[in-house]
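Here's the structure, in structure tokens; my notes come after.
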Amino acid sequence: ETGVTQSPTHLIKTRGQQVTLRCSSQSGHNTVSWYQQALGQGPQFIFQYYREEENGRGNFPPRFSGLQFPNYSSELNVNALELDDSALYLCASSHIDGGGNVLTFGAGSRLTVL
Amino acid sequence: AQSVTQLDSQVPVFEEAPVELRCNYSSSVSVYLFWYVQYPNQGLQLLLKYLSGSTLVESINGFEAEFNKSQTSFHLRKPSVHISDTAEYFCAVSVGGFKTIFGAGTRLFVKA
């Protein structure tokens, strides 16, 4: 059973640029969620994808967008980067089957915006 | 909307002492409750969960949490902590298969 893998692990961008983060879900999972974790804070829910469609979104602006592919892998895209976007971005996969949506997390992608 | 409050940002404790990490939640509907742990330089992982049934749930490494519906709490306890329990602990709530909301976290620091 493979876990959740994210790439890249670290990256540095400048304000105004665009970034794409990638995630491979755990085998057998059909749902992927993305979270932003700023330093010293808890993970903040960005959005969740199920069957390749967004089925829930947190309080993030439209410049945060995502995709889920038929193999359940996923991308998080952030346009027009701002300094406050600097954070650890976590991908988590799960299986919606009435089991409470237990999340399996990747190690994260740490984004620094200069 | 759901929310989670972790009442303590940091909890220092001596090895072999008991510990309680407090968590309160707010929700107008039934929720699932979780504790996740983040060890230094590692990703988040599930510690324990409450979905239904017995209100007392246990983890494999000696932690337990009790769901108290009247007080909307899900406090985490361990009767005797070890140095290796040093980590950040996050309480979380989820409605069905929908989004999971996390608290701000409690940093448990176990001293020798």
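Residue numbers (my numbering), protein chains in the order written: chain D, 1 to 114; chain S, 1001 to 1112.
Heads up, the beta-carbon is just placed ideally off N, CA and C, and yes, glycines get one too.
Any C-beta of chain D under 8 angstroms from that of residue i
i: Q1045/S; result: yes
i: T1072/S; result: no
i: T1055/S; result: no
i: K1049/S; result: yes
i: S1094/S; result: yes
i: F1098/S; result: yes
i: I1060/S; result: no
i: F1102/S; result: yes
When the options are compared against residue i, the one with the closest alpha-carbon
i: S1027/S; options: K1078/S, S1073/S, L1021/S, P1079/S; result: S1073/S
i: S1084/S; options: C1023/S, F1063/S, S1052/S; result: F1063/S
i: Q37/D; options: S24/D, S27/D, N71/D, F60/D; result: F60/D
i: L1044/S; options: K1111/S, A1087/S, A1112/S; result: A1087/S
i: A80/D; options: S24/D, R15/D, P43/D, A107/D; result: R15/D
i: T2/D; options: P70/D, T20/D, S24/D; result: S24/D
i: G1053/S; options: V1081/S, K1069/S, S1009/S; result: K1069/S
i: H1075/S; options: K1099/S, W1035/S, L1046/S, A1017/S; result: W1035/S
Close-in-space but distant-in-sequence residues of the same chain around residue i (CB under 6 angstroms, 5 per side omitted)
i: R110/D; result: H10, L88
i: T1055/S; result: E1066, F1067
i: L1007/S; result: R1022
i: Q26/D; result: G3, V4, S93, T104
Residues near residue i by beta carbon distance below 8 angstroms, same chain, minus five either side
i: L1031/S; result: Position check: residue 1031/S holds Val in this sequence, whereas Leu was assumed. Within the same chain, V1031/S has close Cβ partners Q1002, Y1025, V1093, S1094, V1095.
i: Y49/D; result: T31, V32, S33, N55, G66, L67, Q68, S74
Through-space distance from residue j to residue i, alpha-carbon basis
i: L1108/S; j: Y1089/S; result: 7 angstroms
i: T1106/S; j: S86/D; result: 22 angstroms
i: C91/D; j: V1110/S; result: 29 angstroms
i: Q41/D; j: E53/D; result: 28 angstroms
i: V1019/S; j: P1012/S; result: 9 angstroms
i: H1082/S; j: P1040/S; result: 15 angstroms
i: V1004/S; j: F1102/S; result: 6 angstroms
i: L83/D; j: T1100/S; result: 26 angstroms
CB contact check: residue i to chain S, cutoff 8 angstroms
i: Q26/D; result: no
i: G106/D; result: yes
i: V32/D; result: no
Burial state of residue i, where buried means 16 or more other Cβ atoms lie within 10 Å
i: I1060/S; result: exposed
i: N101/D; result: buried
i: F1014/S; result: exposed
Own chain partners of residue i with C-beta closer than 7 angstroms, once the 5 adjacent residues on each side are dropped
i: I12/D; result: T112, L114
i: R57/D; result: F47
i: R63/D; result: V78, N79, A80
i: V1129/S; result: Nothing about residue 1129/S can be reported from this structure: the residues present for chain S run from 1001 to 1112 only.
i: E1058/S; result: L1048, E1064
Residues in the stretch 39–73 of chain D with C-beta within 9 angstroms of chain C's C-beta atoms, listed in sequence order? The question asks about chain C, but that chain is absent: this structure's protein chains are D and S.
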